Amino acid sequence: MRKLTTVLDIQKMYQQGEKITVLTAYDYPLARIMDQAGIDMILVGDSAGSVVAGYDNTLPVTMDEMIYHTRAVMRANQGALVIADMPFLSYQIDVRDACLNAGRLVKEAGAHAVKLEGGENVSATISAIVNMDVPVVAHIGLTPQSIHRMGGYRVQGRREEQARQLLADAKAVAAAGAFALVLEGIPADLAREITDTIDIPTIGIGAGVHCSGQVLVVHDILGLCEKYSPKFVKVYADLAPLIKDAVSRYIEEVKNGSFPGEEHSF
Ligand code: KIV
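All the letters of the sequence shown, read from the start, carry residue numbers 18 to 283 under the numbering used here.
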């Protein structure tokens, strides 16, 4: 049985220069397999909205949906540190709301930590949640909840003033007490500069190799997101054709009466 990975273990990996591995999960079966494979942290991302629920983006995802997904993951998990995403509108209105919602993810769903998007603008919120002893992961760069401001899923920080703001954001969330920082969709050189500047681990997604760890959406690495695959995704197993083939064979065998056979019957 795996020993539970804690925030202290993540800090130790960071200090020893060991890369930190993170994948998303939203349900029991995949979380169980990922935990058994030895992933360091599982992120119950609000990407569940696009990946599992089929929404166009993450904005419609609710607290109740995040609690549902997080509970399923927690039932499967033994050893990974589980981070639950705070969905749009669960932390932007005021700090009290944010603390209550972060608390719900821990108390009702069992998450070990929460993640929220933003930099300087959410640093007071991060401090308040950390002061409740709930570990926080921050997330800057291409923040999917800001899709309408960004005008789409675009690489951030290419322009000088944007890069300067992202560096300021990184320093602000680290000073506010976040224990890790997701860097999404930013140039690799900027990710390296941020990683070298702050004293908490950076977890990259589309942010190059210099981050302290990496995160990807599990459905992307398993080839289950057929609609669109960003440049930063590596498909480690192309499962969609395998699943289609299995389903087609099942349909055929039920139609032609070769399933169920004697061995499947009582
Ligand atoms: O929701 C999510 O899956 C995320 C990752 C892409 C970092 O925020």
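Think of the CB as a built atom: it goes at the ideal place given N, C-alpha and C, for glycine as much as any other residue. From a predicted model like this one, the values you see are computed outputs, not experimental measurements.
For Thr41, the three-state DSSP class (helix, strand or coil): For the purposes of this step, residue 41 is taken as the residue at position 24 of the sequence shown. DSSP, reduced to helix, strand and coil, places Thr41 within a strand of the structure shown.
Beta-carbon proximity of Glu125 to Ile164, cut-off 7 Å: Residue mapping note: residue 125 aligns to position 108 of the sequence shown, counting from 1. Residue mapping note: residue 164 aligns to position 147 of the sequence shown, counting from 1. Not a contact, by the Cβ cut-off of 7 Å.
Straight-line gap, Pro258 to Val250 (C-alpha atoms, nearest Å): If you number the sequence shown from 1, residue 258 lands on position 241. If you number the sequence shown from 1, residue 250 lands on position 233. The alpha-carbon atoms of Pro258 and Val250 are separated by roughly 18 Å.
Cβ contact check for the stretch 151-164 and the stretch 184-197: 3 or more pairs under 8 Å: They touch, by the three-pair rule.
Unbroken stretches of the beta strand (DSSP E), 3 residues or longer, contained in the stretch 181-250: DSSP runs (the beta strand (DSSP E)) wholly in the stretch 181-250: 197-201, 219-222 and 230-233.
Within the stretch 43-118, ranges of the beta strand (DSSP E) (whole runs, at least 3 residues): Listed in chain order, the complete beta strand (DSSP E) runs (minimum 3 residues) inside the stretch 43-118 are 58-61 and 98-102.
Those residues which DSSP pairs with Leu133 across a bridge: Position 116 of the sequence shown, counting from 1, holds the residue named residue 133. BP columns for Leu133 point to Ala155.
With 16 other Cβ atoms within 10 Å as the buried cut-off, status of Met103: Counting from 1 along the sequence shown, the entry for residue 103 is found at position 86. Buried: at least 16 other Cβ atoms inside 10 Å.
Spatial distance of Asp57 from Ala97 (CA atoms): By 1-based counting over the sequence shown, the position of residue 57 is 40. By 1-based counting over the sequence shown, the position of residue 97 is 80. Rounded to the nearest whole angstrom, the C-alpha separation of Asp57 and Ala97 is 5 Å.
With 16 other Cβ atoms within 10 Å as the buried cut-off, status of Met149: As a first step, residue 149 is located in the sequence shown; it is residue number 132 there, counting from the start. Counting Cβ neighbours within 10 Å, Met149 comes out exposed, since fewer than 16 surround it.
Segment limits, alpha helix (DSSP H) that includes Gln32: Here residue 32 corresponds to residue number 15 of the sequence shown, with the count starting at 1. Note, Gln32: alpha helix (DSSP H), Val24 to Gln32.
Member of Pro77, Arg121, Ala193 and His129 whose CA lies at the smallest distance from the CA of Asn138: Residue 138 sits at position 121 when you count from the first residue of the sequence shown. Checked all of Pro77, Arg121, Ala193 and His129; the closest Cα to Asn138 is Ala193.
Three-state secondary structure (DSSP) of Ser163: Stepping through the sequence shown from its first residue, residue 163 is reached at position 146. Here Ser163 sits in helix by DSSP.
Ala145 in three-state terms, based on DSSP: Counting from one through the sequence shown, the residue named residue 145 turns up at place 128. Ala145 falls in the helix class under three-state DSSP.
Residue range of the alpha helix (DSSP H) that includes Val252: By 1-based counting over the sequence shown, the position of residue 252 is 235. First-last for Val252: undefined, no H or E at that position.
Heavy atoms of ligand 1 versus C-beta positions, residues under 7 Å: This selection yields Thr41, Leu60, Gly62, Asp63, Ser64, Thr75, Asp102, Lys132, His156, Pro161, Val199, Glu201, Ile222, Val232 and Val234.
Sub-7 Å separation of Thr142 and Ala185 beta-carbons: Reading the sequence shown from its first residue, position 125 is the one you call residue 142. Reading the sequence shown from its first residue, position 168 is the one you call residue 185. For Thr142 and Ala185, no; Cβs fall outside 7 Å.
Three or more C-beta pairs below 8 Å linking the stretch 31-41 and the stretch 105-121: For the pair of segments examined, the stretch 31-41 was found not to touch the stretch 105-121: the number of CB pairs separated by less than 8 Å stays below three.
Leu122 classed as buried or exposed, judged by whether at least 16 other C-beta atoms fall within 10 angstroms: The residue given as residue 122 occupies position 105 in the sequence shown. Note on Leu122: 16 or more other CB atoms within 10 angstroms of its CB, so buried under the neighbour-count rule.
Buried or exposed by the 16-neighbour rule on C-beta atoms within 10 Å, applied to Ala119: For the purposes of this step, residue 119 is taken as residue 102 along the sequence shown, with counting starting at 1. Classification for Ala119: buried.
Of the residues His236, Pro218 and Asp237, the one placed nearest Ser229, counting alpha carbons only: In the sequence shown, the residue the question calls residue 229 occupies position 212. Taking only the C-alpha atoms, the option nearest Ser229 is Pro218.
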